[in-house]
Ligand code: SF4
Ligand code: SF4
Ligand code: SF4
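Residue numbers (the numbering used here): 32 to 498.
So, in structure tokens, the structure goes:
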């Protein structure tokens with residue numbers, strides 16, 4: 032095992048990458064990139080690791096170094112440092128673990144109470160109200176200290192379908208609005224839903240949410256096969272109605288598509304179908320299924336890294352041509368950070384049972400991973416949340432700075448070590464050993480860099496889409 036690296040406050044980080052065209056020099060913190068030739072890449076790396084190397088360089092090599100230096104490639108830059116004290120202004124509520132669908136790959140065994148078959152429950156309104164008040168008060172306190180948060184956020188997701196607790200959903204929105212009025216800070220509501228809704232629920236969705244994410248498997252046949260109703264019927268007709276209603280109401284929404292091995296070759300078709308039918312789609316998030324939860328009991332399998340990246344890149348061309356944004360969670364060259372998600376900063380997510388988890392995918396006390404990710408719960412007697420500060424401190428270590436495996440990876444300040452719930456199951460941060468996703472993350476991040484390098488401004492283009 033490699034030792035844990037020690038990172039200074041500021042550093043020069045420079046990588047030599049290669050794509051189909053040739054070498055690329057890449058400085059991830061400043062997000063600088065340049066196409067160079069092999070000798071230029073070699074002397075730039077030599078100079079970056081030891082400035083004294085300049086003395087033994089030829090005139091031409093010095094000229095290369097000087098040119099790159101003029102563009103900031105050797106500037107010391109502050110390395111990303113995550114969140115400070117736990118003081119969230121966003122809460123994610125899981126109103127219930129009940130679900131009207133039985134998706135074949137559901138990580139949470141939605142509607143069945145997780146892997147251990149825990150009871151199907153609904154969050155107590157007291158828990159929801161206390162959680163909302165907590166983030167609203169934090170937002171007010173921060174505003175009073177001059178750190179204007181702008182808003183507090185109430186996100187409603189679930190280890191089930193949140194609209195299966197519709198009465199509570201209504202209460203949550205009411206609590207949010209009341210808290211907003213009380214603290215004088217705006218509230219933002221967002222939700223992720225499977226989109227299988229009654230008329231009344233659909234109307235509520237259209238009227239109350241600032242941001243909506245719909246889980247949709249991209250083509251009617253995939254949706255009906257992978258995301259059947261609890262009674263075994265297809266769900267496409269229902270979700271299609273929801274997406275068209277969102278579109279007609281002028282509500283932009285995102286689509287999340289889980290890609291299995293049997294779907295992977297058809298990602299371009301998925302993007303074209305969505306673009307043709309739901310023009311209000313803000314983005315399509317294509318994510319390879321991770322073999323956990325109900326996926327371990329079905330025939331669904333994760334696509335190979337090669338199949339996923341090849342098909343994703345083809346789908347990206349379709350998306351670009353149609354003006355749709357395509358995303359995959361592990362390729363995010365535009366983001367400079369030291370943690371993949373907010374898990375290390377103690378993301379404030381409350382399960383239906385009132386436990387606080389840092390991870391969306393770990394929502395049951397019976398899940399062995401809860402030992403790491405649960406860090407608080409609602410105390411009924413106190414009527415407030417109590418947090419385990421020691422656990423929070425441990426969670427703060429789920430950070431790329433503590434993953435020796437990632438120390439030489441050019442994606443380390445973008446991917447930042449990937450999803451802890453997937454790559455750190457039962458192991459310490461130091462034992463992080465990557466996953467099959469690393470190949471996908473690196474290939475697609477490199478493609479993002481290549482596309483930026485090869486992008487031409489409209490006035491220099493010979494064609495309609497600017498390549
Ligand atoms: S809709 Fe969501 S919670 Fe329900 S079974 Fe499907 S993936 Fe699981
Ligand atoms: S650790 Fe992974 S699954 Fe958990 S919240 Fe972060 S990204 Fe999501
Ligand atoms: S080694 Fe893998 S997990 Fe680590 S930063 Fe690179 S792509 Fe991400």
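All C-beta atoms in this analysis are idealised placements derived from N, C-alpha and C, irrespective of residue type, glycine included.
Check: Would you list, in sequence order, the uninterrupted alpha helix (DSSP H) runs of no fewer than 4 residues that lie entirely inside the segment 351-388?; Outcome: none
Check: Evaluate residue 420 with the Cβ neighbour count: other Cβ atoms within 10 Å of its Cβ, from every protein chain shown; 16 or more gives buried, anything less gives exposed.; Outcome: exposed
Check: Please confirm whether any heavy atom of ligand 3 lies closer than 8 Å to the CB of residue 369.; Outcome: no
Check: For ligand 1, is there any heavy atom lying closer than 8 Å to the beta carbon of residue 548?; Outcome: Nothing about residue 548 can be reported from this structure: the residues present for the chain run from 32 to 498 only.
Check: Express the C-alpha separation of residue 430 and residue 455 in angstroms, rounding to a whole number.; Outcome: 11 Å
Check: Spell out the partners DSSP gives residue 297 in its beta bridges.; Outcome: For residue 297, which the question treats as bridged, DSSP gives no partner whatsoever.
Check: Are there 16 or more other CB atoms within 10 angstroms of the CB of residue 486, so buried, or fewer, so exposed?; Outcome: exposed
Check: Is the separation between the beta-carbon of residue 386 and that of residue 408 shorter than 9 Å?; Outcome: yes
Check: Give the straight-line distance between the Cα atoms of residue 365 and residue 412, rounded to the nearest whole angstrom.; Outcome: 45 Å
Check: Can you say whether residue 327 is buried or exposed, counting buried as having 16 or more other CB atoms within 10 angstroms of its CB?; Outcome: exposed
Check: I'd like the span of the alpha helix (DSSP H) that includes residue 203, first residue to last.; Outcome: 197-214
Check: Determine the direct distance from the alpha carbon of residue 361 to that of residue 312, and round the result to whole angstroms.; Outcome: 21 Å
Check: From residue 426 to residue 391, what does the alpha carbon distance come to, in whole angstroms?; Outcome: 14 Å
Check: If we ignore side chains and look at the alpha-carbon of each, how far apart do residue 290 and residue 135 end up?; Outcome: 12 Å
Check: Can you determine whether any heavy atom of ligand 1 sits closer than 8 Å to the C-beta of residue 1, and answer yes or no?; Outcome: The requested residue 1 does not occur in the structure, where the chain is confined to residues 32 to 498.
Check: Say the cut is 8 Å; is the CB of residue 264 nearer than that to a heavy atom of ligand 1?; Outcome: no
Check: Taking a contact to mean a Cβ-Cβ separation below 9 Å, would you say residue 441 touches residue 161 in this structure?; Outcome: no
Check: Pick from 341, 382, 355 and 460: whose alpha carbon is nearest that of residue 470?; Outcome: 341
Check: Here's a check: name, in chain order, each residue in its chain whose Cβ is nearer than 8 Å to the Cβ of residue 498, leaving out the five neighbours to either side.; Outcome: Reliability fails at residue 498, whose pLDDT of 46 lies under 50, so the model's placement of it is uncertain and the value that follows must be treated cautiously. Here the set comprises 485, 486, 487 and 492.
Check: Kindly indicate which residue of 398, 356 and 103 has the alpha-carbon position closest to the one of residue 382.; Outcome: 398
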